[in-house]
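With this note's numbering applied, the sequence shown covers 1 to 119.
Quick reminder that beta carbons are idealized off the backbone N, C-alpha and C, glycines included.
Since the model is a prediction, treat every value here as computed from it, not as a measurement.
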Amino acid sequence: MEVINHTTVRKDTTLLSVAHLTQLLHYVTGFGGFIVPLIIWLASRKSVEGMDEHGRAIINLQLSLLLYIILSIPAILLLGLGILGLIAVGIMGFVLPIVNAVKAANGESPSYFMTIKFL
Numbered sequence: 001m002e003v004i005n006h007t008t009v010r011k012d013t014t015l016l017s018v019a020h021l022t023q024l025l026h027y028v029t030g031f032g033g034f035i036v037p038l039i040i041w042l043a044s045r046k047s048v049e050g051m052d053e054h055g056r057a058i059i060n061l062q063l064s065l066l067l068y069i070i071l072s073i074p075a076i077l078l079l080g081l082g083i084l085g086l087i088a089v090g091i092m093g094f095v096l097p098i099v100n101a102v103k104a105a106n107g108e109s110p111s112y113f114m115t116i117k118f119l
């Protein structure tokens with residue numbers, strides 16, 4: 001009888017990159033940019049090396065962007081500053097996942113600036 005070790009951790013930079021890139025589903029389908037990375041993170045955080053760190057960074061970014069959107073909408077009444085906030089959120093939400101997907105493919109840690117650490 002063969003004993004299988006289920007506690008082995010594998011290095012999978014492709015899955016880390018895909019987890020970052022699934023955040024872009026907001027721009028393609030209008031939804032899924034939070035749910036799909038969350039499912040990937042919860043399913044593989046114990047079996048893939050670095051997934052817990054990258055998954056936490058992804059979820060923190062998505063929650064921070066949601067908070068910034070919620071704060072920017074009423075700020076539209078204040079001289080239109082909310083419009084600039086929404087544009088900045090749109091740019092950050094598009095550029096940062098791509099940059100961090102490349103970093104994940106190279107085996108580097110993610111760096112999401114202006115994110116609030118919720119997890």
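Taking the alpha carbon of residue i as the reference point, which residue from the options has its own alpha carbon closest?
i, options, result
"residue 20", "10, 41, 66 and 8", "41"
"residue 16", "28, 26, 32 and 43", "43"
"residue 95", "81, 27, 36 and 107", "27"
"residue 68", "24, 98, 89 and 79", "89"
"residue 49", "119, 58 and 109", "109"
"residue 112", "119, 100, 105 and 104", "100"
"residue 97", "9, 8 and 24", "24"
In the DSSP assignment, what residue or residues form a beta bridge with residue i?
i, result
"residue 56", "Beta-bridge pairing links residue 56 to no other residue."
"residue 48", "10"
Cβ atoms of residue j and residue i: under 8 Å apart, would you say?
i, j, result
"residue 34", "residue 62", "yes"
"residue 107", "residue 13", "yes"
"residue 117", "residue 60", "yes"
"residue 71", "residue 93", "no"
Which first and last residues belong to the alpha helix (DSSP H) in which residue i is found?
i, result
"residue 100", "81-105"
"residue 27", "25-28"
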